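Colleague:
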Amino acid sequence: MPASSPQRRFCIVNPGGGPITVRLLANNALRAGADFRIVRMKTERKEVRETWKLAAGDTGAGEHEVSLRPRSLDGHVMAWQVLVCSVVPAIDRGTVEIQVLQDGVTCPVTKPAQWGLERVPRCAGRARPISIRGNLTFLTA
Amino acid sequence: MRFVRSRLALVLGALLRGAAPLPGQDADPAHKFVLDYDVPESPALVAIGSATSNITRGSAAKPFVAQLVNQFQAGEKVANGLALDLAPYFLYGGRLASIQEYRRSPLKRILANSTLSLATAQDAGDSTSLVFGVGLRVVLFDAHDLLQDPALGRDIDQLLAAAASAAGAELLEDDVIEPAGKELDFGPAYQRARARVRNRRGGALSLAWAMSGILKGSIASSDSVQNTRHTAWLAYRYSLGGGTDVLAQLQWRQTETADNAFKGGAALRANTDRYSVAAELFYDSDPDQATSGRLGAGVTTELRVARGVALVGQLATEPVIIGNRTASRVRLRTSVRWNATAEP
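Protein sequence lines, in the order shown, are assigned to chains U and R. Following this note's numbering, the numbering of the first sequence begins with 15 at its first residue and continues without gaps. Following this note's numbering, the numbering of the second sequence begins with 25 at its first residue and continues without gaps.
(1) Do three or more CB pairs link the segment 86-93 of chain U to the segment 123-140 of chain U at distances below 8 Å?
(2) Can you name the residues that DSSP bridges to residue 60 of chain U?
(3) What did DSSP end up calling residue 223 of chain R once you bin it into helix, strand or coil?
(4) Do the segment 344-355 of chain R and the segment 66-83 of chain R meet, that is, are 3 or more Cβ pairs less than 8 Å apart?
(5) Where does residue 140 of chain U fall in DSSP's three states?
(6) Return yes when the Cβ of residue 159 of chain R is within less than 7 Å of the Cβ of residue 71 of chain R, no when it is not.
(7) Quick check on residue 49 of chain U: does DSSP put it in helix, strand or coil?
(8) Counting pairs of Cβ atoms below 8 Å between the segment 136-147 of chain R and the segment 51-71 of chain U, do you hit three or more?
(9) Comparing the C-beta of residue 306 of chain R with each C-beta of chain U, is any distance below 7 Å?
(10) Do you know how far the Cα of residue 110 of chain U is from the Cα of residue 181 of chain R?
(11) Measuring straight from C-alpha to C-alpha, what distance separates residue 69 of chain U and residue 76 of chain U?
(12) Label residue 104 of chain R either buried or exposed according to how many other C-beta atoms from any shown protein chain fall within 10 Å of its C-beta, with 16 as the threshold for buried.
(13) Residues of chain R with CB under 7 Å from residue 143 of chain U, in chain order?
(14) Counting only beta-carbon atoms, is residue 87 of chain U nearer than 7 Å to chain R?
(15) For a contact meaning CB atoms closer than 7 Å, what does residue 193 of chain R contact in chain U?
(16) Please list the residues of the segment 30-45 of chain U that have a C-beta atom closer than 7 Å to any C-beta atom in chain R, keeping them in chain order.
(17) Less than 7 Å separating the beta-carbons of residue 329 of chain R and residue 361 of chain R?
(18) Scan the segment 118-137 of chain U for residues whose Cβ lies nearer than 7 Å to a Cβ of chain R and list them as they occur along the chain.
(19) Does any CB atom of chain U fall closer than 7 Å to the CB of residue 124 of chain R?
(20) Strictly below 7 Å CB to CB, what residues from chain U border residue 119 of chain R?
(21) Which word fits residue 223 of chain R, buried or exposed, when buried means at least 16 other C-beta atoms lie within 10 angstroms of its C-beta?
(22) According to the neighbour-count rule (16 or more other Cβ atoms, all chains shown, within 10 Å of its Cβ), is residue 300 of chain R buried or exposed?
(23) Quick check on residue 81 of chain U: buried or exposed, where buried means 16 or more other Cβ atoms within 10 Å of its Cβ?
(24) Determine, using beta carbons only, whether residue 187 of chain R comes closer than 7 Å to chain U.
(25) Below 6 Å CB to CB, which residues in the same chain sit around residue 236 of chain R once its five sequence neighbours on both sides are set aside?
(26) Grouping DSSP H, G and I as helix and E and B as strand, with all else coil, what is residue 282 of chain R?
(27) Taking the alpha carbon of residue 323 of chain R as the reference point, which residue from R/152, R/355, R/309 has its own alpha carbon closest?
(28) Apart from the five residues just before and just after residue 308 of chain R, which ones in its own chain have a Cβ nearer than 6 Å to its Cβ?
(29) From the DSSP secondary-structure annotation, give me the bridge partner or partners of residue 102 of chain U.
(30) Taking only three categories from DSSP, how would you classify residue 37 of chain U?
(31) For chain U, find out if any of its Cβ atoms is closer than 7 Å to the Cβ of residue 64 of chain R; answer yes or no.
(32) Could you tell me which chain R residues have their CB closer than 8 Å to the CB of residue 56 of chain U, listed as they occur along the chain?
(33) Taking C-beta pairs closer than 8 Å, name the residues in chain R that residue 68 of chain U reaches, listed in chain order.
(34) Output needed for residue 32 of chain U: all residues of its chain with C-beta closer than 7 Å, excluding positions within five of it in sequence on either side, in chain order.
(35) Using a threshold of 7 Å, state whether the C-beta atoms of residue 36 of chain U and residue 152 of chain U are closer than that.
Right, here's the structure in full:
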């Protein structure tokens, strides 16, 4: 797995643009299922504004349209946990990625949410999938 | 003999090195498969006449299978053999964009389900020589291929998504990639998939080619390879549901006199999670140039004794030339088969 930098991840969205779509991608036929949440961070507490489950599925790409309006997302944090395993014989590596799109275009992020995985365990028997936990902060342009 | 073994070890070593990870990649082998009961016969063993079935099955390839075979017949020395089968596509870096690509692309499915096979056995007629076989098997389709089962993928996705929790991840300063905190039990998803497969009707068709020969004096050189013969066959399996399969095979092969010989037959096989039993009938147009014994019958039992390990036994008739007449004798073949990538 690549060494990750401690730099935080920001995603710049157009407050006047269309709804935000979150896309979960997994290649090489890996299975990926995820939990997402959008949280408004306040000084004294945090408020969970939206949660959803998403899977990359057979096509290797799953999408969710965020119901919160883009203009309300400034400063909000989108957090996730993605669980990944391999159902295909002989495959134990691949890439998982989270993309944020607006109006069909991938939002610029300051640090790609993409992970090259190796030693991905088999989705069989009792197994611990690989867990990817991370977040990004929305900024409005 | 030692020389041949060392050569064989070199060849196998080279094959397996191809399966080894590239520098910087992980060293853990990852060739894994799902249905252990449907392990196909080794083409190389078919070529050298040591397979434990006369009617082979058409089912999908397993990434790596090793077999030790013994042949017993009254009045003959016990003959031992070894076979290794591997599916090279993924081992040598083949990739899939997604499961959907596997389902939609016949080429990818064929590549993923192609097997290379090597086998050796003692030569019954000359104890200093080795019989060898090399083969290639291609699965054209298999209705019981679990990767074609969308419900299994959905079940796994649901399990993964339900177990995932983003709680607290908003506070992380950096991404955290690690094994999940708790084990997930995928067993029930596979049990349901197996039940679906067992009860689903459908066929599987494979095409195989293999070459056999004799290494005279057990010395591996171009001069010492003799009596090479080719064999090609189509194997078909139709599952009736409820764990019962009908198998059929049509085979062409070169005889020792370079003539053509044909063999065809059918079998009925019953499968459970623990064992399989198959009864077969076959016709061979030239069973080792014997003048009779062209019709044969056999029974094959496969008992799965541990994860990936099966004991296989076959009793089948085989013509034997005694002086100037042909007699039909029963031959027992046994094998220990290890499917290295059987489902946990």
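A virtual CB, placed ideally from N, CA and C, is assigned to each residue, including glycine. Since we're looking at a predicted model, the values are computed, not measured.
Modeller: To lay it out plainly:
(1) Between the segment 86-93 of chain U and the segment 123-140 of chain U there are fewer than three C-beta pairs closer than 8 Å, too few to call the two in contact.
(2) Residue 60 of chain U is bridged by DSSP to U/55.
(3) helix
(4) no
(5) strand
(6) yes
(7) Strand at residue 49 of chain U.
(8) Contact between the segment 136-147 of chain R and the segment 51-71 of chain U is absent, because fewer than three Cβ pairs lie under 8 Å.
(9) By this cut-off, residue 306 of chain R is not an interface position.
(10) 14 Å
(11) One C-alpha to the other measures close to 6 Å.
(12) Classification of residue 104 of chain R: exposed, given that the 10 Å Cβ count is below 16.
(13) 184, 204, 208
(14) Answer no: the Cβ-Cβ gap between residue 87 of chain U and chain R never drops below 7 Å.
(15) 93, 94, 95, 147, 148, 149
(16) So the close ones are 41, 42, 43, 45.
(17) no
(18) 129, 132, 133, 136, 137
(19) yes
(20) 42
(21) Result: exposed.
(22) buried
(23) exposed
(24) yes
(25) 71, 72, 157, 253
(26) coil
(27) Of the candidates R/152, R/355, R/309, the one whose C-alpha sits nearest the C-alpha of residue 323 of chain R is R/355.
(28) 287, 318
(29) Paired residue(s): none; residue 102 of chain U is not in a bridge.
(30) strand
(31) no
(32) Chain R residues near residue 56 of chain U: none, gap ~12 Å exceeds 8 Å.
(33) 185
(34) 116, 117
(35) no
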